Amino acid sequence: MTGRIKRMPRWGWAVLGFVGFVALSGLASNGGSSSSCKVLSARSASNSYIIRGEWDWGVSVITNVKNTGGPRLVTIESMVSSSQGAWTRKKQVHLDRGESQSMEIFFSEPTILAERIKYQTKCI
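Below you can see the structure in the form of structure tokens.
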């Protein structure tokens, strides 16, 4: 049987992209595996800090994590992307079983003129 293949409407691609984003976000929140740490919440904020003796503007990613396994070293990996590029940072802390903690990772690379600032964070 032969027939004409219908093209997906433009809005169909947007829906498909959104569904894919939601699926990948679910994987990113727990590292894509049965990790023994969990991201409880995450947010970003514009901040200024003193870096090498001078004020510098940047983006902070604040992540609340909980250790759901035994006592261990927990690694938080955060990524910030903008119109000026993408950067990744890691931070480690030792957490006992059931312990939770808020961790902040600062990115000084994007300038105050950066647009489309996005972030992702995961617990490893």
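Position 26 of the sequence shown, counted from 1, bears residue number 7 in the working numbering, the numbering being contiguous throughout. Built from N, CA and C at the ideal position, the CB exists for glycine as well. Predicted, not measured: the structure shown is a model, and the values here were computed from it.
{"query": "Starting from the C-beta of Ser63, find all residues in its chain whose C-beta is less than 7 Å away, skip the five residues before and the five after it, and write them out in chain order.", "result": "Pro91, Ala95, Glu96, Arg97 and Ile98"}
{"query": "Do you know how far the Cα of Phe88 is from the Cα of Arg33?", "result": "14 Å"}
{"query": "For Ser89, which three-state DSSP category applies?", "result": "coil"}
{"query": "From which residue to which residue does the beta strand (DSSP E) around Gln101 run?", "result": "Lys99 to Cys104"}
{"query": "Please check the pair Ser81 and Arg53, which I expect to be a contact at CB under 8 Å, by giving their CB distance rounded to whole angstroms.", "result": "Their Cβ separation, rounded to whole angstroms, is 14 Å, which puts Ser81 and Arg53 out of contact at 8 Å."}
{"query": "Tell me the DSSP secondary structure of Thr44 in three-state form.", "result": "strand"}
{"query": "Is Thr49 helix, strand or coil by DSSP?", "result": "coil"}
{"query": "With respect to the beta strand (DSSP E) encompassing Gln73, which residues constitute its N-terminal and C-terminal limits?", "result": "Gly66 to Leu76"}
{"query": "Would DSSP call Glu58 helix, strand or coil?", "result": "strand"}
{"query": "What's the call for Thr69, buried or exposed, on a 16-neighbour Cβ count within 10 Å?", "result": "exposed"}
{"query": "Can you tell me whether Val74 is buried or exposed, with buried defined as 16 or more other CB within 10 angstroms of its CB?", "result": "exposed"}
{"query": "Hey, could you find the ends of the beta strand (DSSP E) Ser25 is sitting in?", "result": "Cys18 to Ile32"}
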